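With the UniProt record's numbering, letter number 139 in the sequence shown gets 139, and the count goes up by one each step, no holes.
Positions of the beta carbon are idealized from the N, C-alpha and C atoms, including for glycine.
It should be emphasised that the depicted structure is a prediction, and the values quoted were computed from it without experimental measurement.
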Amino acid sequence: MVYLIGAGPGDPGLITVKGLEFIKQCDTIIYDRLGTYQLLEMVKPDCRRIYVGKQAGSHYKKQPEINEILVEEGRKGNMVVRLKGGDPFVFGRGGEEVTALLEAGIPFQVIPGITSAVAVPEVCGIPVTHRGTSRSFHVITGHKRADIHRSDEGGLDDYDYIRNQEGTSVFLMGLNRLPQIMERLVQTGAEEHTPVAVISKGTMPGQRIVRGDIQTIADKVNEAKLESPAIIVVGENAALDFTAPNRGPLQNVHVGLVGTPKLREKMRVAIDALGGQSYSIVDMSVEQTEEKNRLRVALEHVEDFSWLAFTSQNTITLFFKWLREWNIDVRKLAHLKLAVVGAGTRDALKVEGYIADYVPNEYTTSALARGLANVMNDGEKLLLPRAVQGSETMLDILDQGGVAYEEIPVYDVVGRRMESIQYLKDLDVITFVSASGVRGFLDVLDAEKKKCGVAHMLNDIDSCGDHTDNTDGSFKIHDIMKNIRIAALGNVTEKALEKAGYRADIVPEVGDIDHLISAIGDYYFREKRQ
1 MVYLIGAGPG
11 DPGLITVKGL
21 EFIKQCDTII
31 YDRLGTYQLL
41 EMVKPDCRRI
51 YVGKQAGSHY
61 KKQPEINEIL
71 VEEGRKGNMV
81 VRLKGGDPFV
91 FGRGGEEVTA
101 LLEAGIPFQV
111 IPGITSAVAV
121 PEVCGIPVTH
131 RGTSRSFHVI
141 TGHKRADIHR
151 SDEGGLDDYD
161 YIRNQEGTSV
171 FLMGLNRLPQ
181 IMERLVQTGA
191 EEHTPVAVIS
201 KGTMPGQRIV
211 RGDIQTIADK
221 VNEAKLESPA
231 IIVVGENAAL
241 DFTAPNRGPL
251 QNVHVGLVGT
261 PKLREKMRVA
271 IDALGGQSYS
281 IVDMSVEQTE
291 EKNRLRVALE
301 HVEDFSWLAF
311 TSQNTITLFF
321 KWLREWNIDV
331 RKLAHLKLAV
341 VGAGTRDALK
351 VEGYIADYVP
361 NEYTTSALAR
371 GLANVMNDGE
381 KLLLPRAVQG
391 SETMLDILDQ
401 GGVAYEEIPV
411 YDVVGRRMES
421 IQYLKDLDVI
431 TFVSASGVRG
441 FLDVLDAEKK
451 KCGVAHMLND
461 IDSCGDHTDN
471 TDGSFKIHDI
481 MKNIRIAALG
491 NVTEKALEKA
501 GYRADIVPEV
511 GDIDHLISAI
521 GDYYFREKRQ
């Protein structure tokens, strides 16, 4: 079965419930450049991904090739999703794909999507219809040659049609032909002072709108350097602005998230509450190490330890998971005093049913080490399960304080590229919650460089190998990052950024997620008031 699903205009929250359900279940997903990248993260881990995207000026796959792929995949008997930007039947060539499936006898279903022709103007405060100014709207493809006065079928062309109609005209895919479109409108009788709005990357990071009239809009758009995809709105309604005055300090702020799924979800909820939009760009996956067997041995002799310290929520999650797997009676731990690095780990420990005996005033591993050196008595020993890339400074402080401890690196955190990293250059701020997150982010960028060069990061698949610093194809990554604010959780994360050559713009005084997002909100609140 093949499902043609409209992905909507770009914001993943604007896909239909039914469409999202099929995306989560499919065995194969066939997508193009206009499909929202975040939806690709919703598929099953073993789902096959087939990119057939197109860009103005070049084609990765021609339409007949796409039709053949759909038929070929449909014949395999798997659940196949064809994800298309907007709605499949609004200049999406969905009809051609359905025709190919019908001729091949492949069963299919079309799931409508929200068309960008209505949604994109709407999010910019422009209604395509409005009582008193526009009782109708007309959607026209901008790909058609504007200098042709007759349609392919021999009738009046779109511009002659528009001249005889009232209402709002919406042109899709016409940015590269904007001057010709405006000229043709004037030739067919449109007033030069008719309002026009051009919206670039609607509902996505980098969304921008330029307003003018038929006479001035081409020059204004050229000066603003708007990029595709873009929508052109012509008519009295293009002068309207029904946007909400203030949805919060992060309104129109696009935040890139680096972290584990649990942490990213917590940040997403907090960012949404402040009016912002978040995009997961690097997933930090937790991978257990063989050293966990040392932890099991240590717990068999848990009476040798007096303290147990946790430096991350990941450690807490893994620790209690392994206790259950190993059938260890938690009452054996009753004599242990528990220390955590901060509020997040304290709360995670509480979820497991335990109250921390020690939490430092400053939420850093260095402060935790200093505190343990002060509160631990002679003869007491510390059990310290933690990440492979744990702070060496913490161990130095414990050594200097004469603390006896056994450190066990039970897990590693590895960065994995997420599809939304293609939005990188359009993000306003990126959040880093750990030093491992910084390393993971840089590792992903390095892998992208080897794969395709900076062009891939710029969502410019057809020009891989361009935009390089030198002949070895290295990124101009500093050029991309210089316009992006960086938010760091804690001094250790901040130092990891400095070591990599970046400066944190936002560092909360208290090292937890809530304070991090609050600090980002405060930063943009102050910036917007200036």
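Sequence-distant residues of its chain with Cβ nearer than 6 Å to residue i (five each side left out)
i	result
Val359	Val340, Arg346
Phe108	Val2, Leu101
Thr243	Gly125
Tyr423	Pro205, Tyr279
Ala104	Val71
Gly53	Asp32, Arg33, Tyr60
Gly155	Residue confidence is low: Gly155 scores 41 on pLDDT, short of 50, so the model does not pin down where it sits. No coordinate-derived value is stated.
residue 601	With the chain covering 1 to 530 only, the question about residue 601 has no answer from this structure.
Gln530	none
Val444	Val282, Gly415, Arg417
Leu4	Arg82, Pro88, Gly94, Val110
Lys220	Val210, Gly212
Gly401	Ala373
Leu175	Ser228, Ala230
CB of residue i within 9 Å of CB of residue j, strictly
i	j	result
Ala218	Pro121	no
Val43	Ile23	yes
Met173	Phe91	yes
Val170	Val233	yes
Thr311	Leu384	yes
Leu489	Ser434	yes
Ala496	Ile520	no
Lys337	Val302	no
Leu83	Ala190	no
His138	Ile162	yes
Leu185	Ile214	yes
Phe305	Glu227	no
Ala367	Lys381	no
Leu263	Ile513	yes
Thr188	Ala238	no
Thr365	Gly390	yes
Arg294	Gly275	no
Thr203	Ala119	yes
Spatial neighbours of residue i in its chain, beta-carbon cut-off 7 Å, leaving aside the 5 residues before and after
i	result
Met418	Glu41, Ser280, Ile281, Val282, Asp283
Tyr524	Pro249, Leu250, Val253
Lys292	Trp322, Val410
Gly95	Phe89
Ile271	Leu250, Val255, Ser278, Ile517
Leu349	Phe310, Ile316, Leu338, Val340, Ala356
Residues bridged to residue i (per DSSP)
i	result
Ser285	Val414
Thr431	Leu257, Ala487
Val2	Val80, Phe108
Thr168	Phe137
Gln277	His254
Gly86	Gly8
Arg49	Ile29
Ile506	Ala487
His130	Ser134
Neighbourhood of residue i by C-beta distance below 8 Å, restricted to the same chain and skipping five residues each side
i	result
Glu287	Tyr411, Asp412, Val413, Val414
Gly13	none
Val17	none
Thr129	Arg135, Ser136, Phe137, Gly167, Thr168, Asn237
Glu192	Val186, Asp213, Ile214, Gln215
Trp326	Arg296, Leu299
Arg208	Ile199, Ser200, Lys201, Ala224, Leu226
Buried or exposed by the 16-neighbour rule on C-beta atoms within 10 Å, applied to residue i
i	result
Ser200	buried
Val297	exposed
Ile355	exposed
Arg75	exposed
Gly77	exposed
Ser134	buried
Asn67	buried
Ser116	buried
Thr351	Residue 351 is actually Val in this sequence, not Thr. The residue in question, Val351, is exposed, as its Cβ has fewer than 16 Cβ neighbours within 10 Å.
Gln165	exposed
Thr194	buried
Pro508	buried
Asp11	buried
residue 563	Since the first and last residues shown for the chain are 1 and 530, residue 563 lies out of range.
Lys225	exposed
Gly379	exposed
message: Could you tell me which whole alpha helix (DSSP H) segments of length 4 or greater appear in the segment 186-259?
response: For the segment 186-259, whole alpha helix (DSSP H) runs of length 4 or above, ordered along the chain, are 217-224.
| Within the segment 304-344, ranges of the alpha helix (DSSP H) (whole runs, at least 4 residues) | DSSP runs (the alpha helix (DSSP H)) wholly in the segment 304-344: 313-325.
Check your understanding: For the segment 334-410, which segments carrying the alpha helix (DSSP H) assignment without a break, of at least 4 residues, lie completely within its bounds, in sequence order?
Key -> Taken in chain order, the unbroken stretches of alpha helix (DSSP H) that lie wholly in the segment 334-410 and span 4 residues or more are 343-351, 365-375, 392-400.
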